[in-house]
Every structure is written in C-alpha cells, then in structure tokens.
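Written below as structure tokens is the structure these notes are about.
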Amino acid sequence: MRRIDAEFDIPQFLASSLVRTIAASNFRVPESKREKFQKLPDDVIARVEAIVRHAYLEVGVAVGGDALRGYLRQQAFAARREMIANAELIPESDFRERLGITKRSLEKIVADGSVFAMEVDETQYFPSQLVDPSRNQKRLQAICRIIAPAPATSRLDFLTSPRGSLGDQIPLEMLDDDIDFKRLQTVAAAWAAEWSRTTVTMYEGEHDREPKELQPLYTAAAEIDPRRPLWERASEALYTHGYEWPLGPYRNVREFTLFVERQTAGQPSAISEARVNIAVDGEVIRIRIAAASGTTLGSKAFDAGKNMNLISLAKRVIANLKASAIRLADIPQNVRSPSHEGAAATDEVMSTKEAAVILCVSRQHVVKLINDRLLPLHHRVGKARFVRTVDVLAYKEKKLVEATVWLANQAEDKGLPGQ
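In our numbering, each number is its position in the sequence shown, counted from 1, plus 349.
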C-alpha cells in the first residue's frame, strides 16, 4: 500500500492507526473514532478512505471474507457505471474519434501504456480525461507510460487527485509548465515502482528450487519498477535496504544459492526470475545461472576478492552479471563478435576501445576521461590502458536519466498518433 504518511504529511504512527481503523470499519472512519483524528481535515480522511478501499479491492485481501469482497466489487462497479453515465468513462469508438486514430493505432498505444481502459460489464471504457483537448496530449501520454505498472483504477486516481508529494497539486494540471512536468515525472516514476517488489533471497548450499523448508541466510527486497532490467533490480534490492533480514552479522558461507523473484501488487504469488548457484573456490567465485528469457549467461568464474562476507559476495556476483548483461546489450549486433561474448562471460576489465563502444564515444574521448580522472584507470600495458567494466557502466549510468523518464521524454519528442 502507498505510503500514506509521506503522501499526506502525517506522522507514520497516526497514518498506520488511520489505515487500520478504516480497514476494520467497512472503509469508513466511524464517528466514535473521529476525535482521534480530529487534526486531519475531512477531505484528507476521505482521500485515505478511498485509497484503502481501492488497495484492498485490487489486492483481494480477505478482510471480512468473500461477502465483503463482493460488496466492495459491487461498489466499485457501481461507481464505474456512474462514471459512464457522467461521460467520465467513454466507449472505445468515442475515444478513438476524439483522438482521431484507427483501431490498430489505439491498440498500439494501449499496449505501450500511453492510454488505458477500465472494464465495466465486460466492455472496455476509456477515461475521457485522457482525450481532454485542453491537456498537453504528448506529456499526458508520457506520464501514463511511466505509471503503467499500476492498475487502471489507481492510475486514474493518481492523475486526477491532489498529491501531497507534489504540494497538493493535481498531476493533470502540471503538464504545461516545464518545471512542474519534470517534477511530476520524478514523482510518477517513484509511485509506479511501489506496485512491484523485487526480492533477493539466499540459502546455504546448492538448490534447484527455493527451499521453503529452510531458513534463508539473507533476504532483501525493494519496490522497483518491473520494467527495469533483472540484474539492475536485484542490485538495487541489495543496496537500497528497503527491507533486509537478518541485519547481521553474516556467516562466512562459501556455497549458497541466490534467488530473485518479483511480486506485483494484486497478484497472489510472486514470479521467480532467476537462480544463481554460487561457490567460492579459493580466490575464485564460480557461478551457474538459470534466469528468465533475455539472459544468455549459463556459468562463469571470476576473482572473489579478499575477506568478503555473504553479502559482499552476493553484491559482487550481481554487479558482474549486471555488467555482463549491459555490455552485450550495448554492443551493436553488426559489430558484436565471439570475442565480445567471451569478454562478457569472463573479463572484468576492458580496453579503451571497448569502453568507447559501450559509451558511444571515440577512443580518444575515453582516454581524456581517464586523464581527467572521470574514469578510473585500472592498469596499463605499454601504451594500452584498461578500465574496470563496473567503472565504465557506473560512468554511463551517471549520464543517463532514470530509465522510465528517459523513455517518456523520447516518446514525447517523437510524437505519438493522435497528438
């Protein structure tokens, strides 16, 4: 559930109490409890009631059993039918006519998240706000793409409701001003990430499946946009400390298995994305990877470093996999060779020529970056300079805008059908 305390600037203990009270009282603050929250304006309480109600409906939590869930769904559908009657939701044909696009073009922008529909009585209806001629359509559709991981009801609520994180401004009213729009992009990206959680769990020994009967050595989780690459999300889960347990100290384990899974809000079970068997043999880490589609690596070995505990080893492994995946993705197919594939699987350093390919700059520019101390030099062999893969990738990431915002800006510059 969203961070009510942060969104409405309420102390966390009070926000937690408010949410529990609402959930336990048919999603309304009873008059007998109103005095406890007397410092909160009525409109804030009404907004929190709606948020809690939508969250329980979408996640399907059995508060009060099937009867309550059925009641909530009836209320939701009744609200949507009222929106149809008020022309807040319109049929597909009207929506396409207002955008001036074909059915095929509409399917395309629905697929990429530029617009979205809500189902009522097995028929798709579209929010009329998405085709309001007074709105900047390019920017509105860019924001819609950013918040695509969330359910349609929540997306509409995000666009049309005041946000505490935006100074109580309504997102739909922040599309014209450049500064407002950039701030909205940042908040939208953070909000979208709340709908998906990536978890990294480690168990001692070698396993082909997650051994639920065993106690994990370590678990870390973070709310991250599911559209970001697998190893990038796994790395962030290990570094951001959104959730981690136990807190340490950690045993010096030399063989363990790391699992990565993704949980989407509203879904009953998590999706298993990767398994990495890790074994330390002297000063060498040997790993075997079974991952989702798009990952080409099977097994590899690299330097283990010195005095590394369980968490340090896991971070080193994920960083290496992340670097390998990005390197191959960034080398154009027409210049990729078997040596590139081999380098991705075994090397941790690269030449300035290879770095230039990844950074899309000249070799001389890479040398200048080294001389200017913007890119650390790893070692030299004669005149040849070598840099660490992770340093090259770190430099590149510093120069990139957050992934979802960058994609949104690109689409805005190119323009989309109906804009």
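Even for Gly, the Cβ is constructed at its ideal location relative to N, Cα and C.
Note that the structure is predicted; figures quoted are calculated from it, not measured.
| Check | Outcome |
| --- | --- |
| Please state whether DSSP places R484 in a helix, a strand or coil. | coil |
| Using the C-alpha atoms, what's the distance from L363 back to E380? | 17 Å |
| Taking C-alpha atoms, which residue in K717, L607, I620 and V602 lies nearest to D630? | V602 |
| How far does the beta strand (DSSP E) with E703 in it extend, from its first residue to its last? | Careful: E703 lies outside any beta strand (DSSP E), inside the alpha helix (DSSP H) at T701 to L708. |
| From H727, F475 and T568, pick the residue whose C-alpha is nearest to that of E446; which is it? | F475 |
| Exposed or buried, what is D740 when buried is set at 16 or more other beta-carbons lying within 10 Å of its beta-carbon? | buried |
| Applying the criterion that 16 or more other CB atoms from any shown protein chain within 10 Å of the CB defines a buried residue, is A555 buried or exposed? | In the sequence as displayed, the identity of residue 555 is Glu instead of Ala. Result: exposed. |
| Buried or exposed: where does R546 fall if 16 or more other Cβ atoms within 10 Å of its Cβ makes it buried? | buried |
| When you compare the CB of A571 with every CB in chain D, is at least one pair closer than 9 Å? | Chain labels in this structure do not include chain D; a single protein chain is all it has. |
| For the candidate residues R665, E468, G449 and E543, whose alpha-carbon lies nearest to that of R429? | E468 |
| Of the choices A542, P482, E593 and R512, whose alpha-carbon is the least far from that of A614? | A542 |
| Under a three-way DSSP split, which group does K385 fall into? | helix |
| Do V625 and A586 have their C-beta atoms closer together than 9 Å? | no |
| Under 9 Å between the Cβ atoms of Y588 and L566? | no |
| Among S463, A499 and S503, which one has its Cα closest to the Cα of N485? | S463 |
| Assign Q490 to buried or exposed, taking buried as 16 or more other Cβ atoms, counted over all protein chains shown, within 10 Å of its Cβ. | buried |
| Looking at the structure shown, is K671 part of a helix, part of a strand, or coil, going by DSSP? | helix |
| Should W540 be labelled buried (16 or more other beta-carbon atoms within 10 Å of its own) or exposed? | buried |
| From the DSSP output, which residues share a beta bridge with M467? | Y474 |
| Rounded to whole angstroms, what's the CA-CA distance from R582 to E522? Just pull it up for me. | 32 Å |
| Alpha carbon to alpha carbon, what distance is there between V393 and A640? | 44 Å |
| Quick check for students: name the residue ranges of the alpha helix (DSSP H) that lie wholly in the stretch 544 to 575, counting only runs of 4 or more. | none |
| Taking all protein chains shown into account, decide if R737 is buried (16 or more other Cβ within 10 angstroms of its Cβ) or exposed. | buried |
| Go ahead and pull the three-state DSSP assignment for E522. | helix |
| Suppose you measure from the CA of I636 to the CA of F651; what does that come to, to the nearest Å? | 9 Å |
| So, for P498: in the same chain, excluding its five sequence neighbours on each side, which residues have a beta-carbon less than 8 Å away from its beta-carbon? | A541, A542, W544, S545, D574, P575, R576 and T613 |
| Of the residues E559, A501 and R488, which one's Cα is nearest the Cα of V527? | It is worth fixing the name first, because residue 527 is Asp in this sequence and not Val. Comparing Cα-Cα distances from D527 to each of E559, A501 and R488, the minimum goes to R488. |
| Can you tell me the Cα-Cα spacing of N435 and S477, whole angstroms? | 10 Å |
| Quick check on the DSSP output: the alpha helix (DSSP H) that includes K457 runs from which residue to which? | K452 to A460 |
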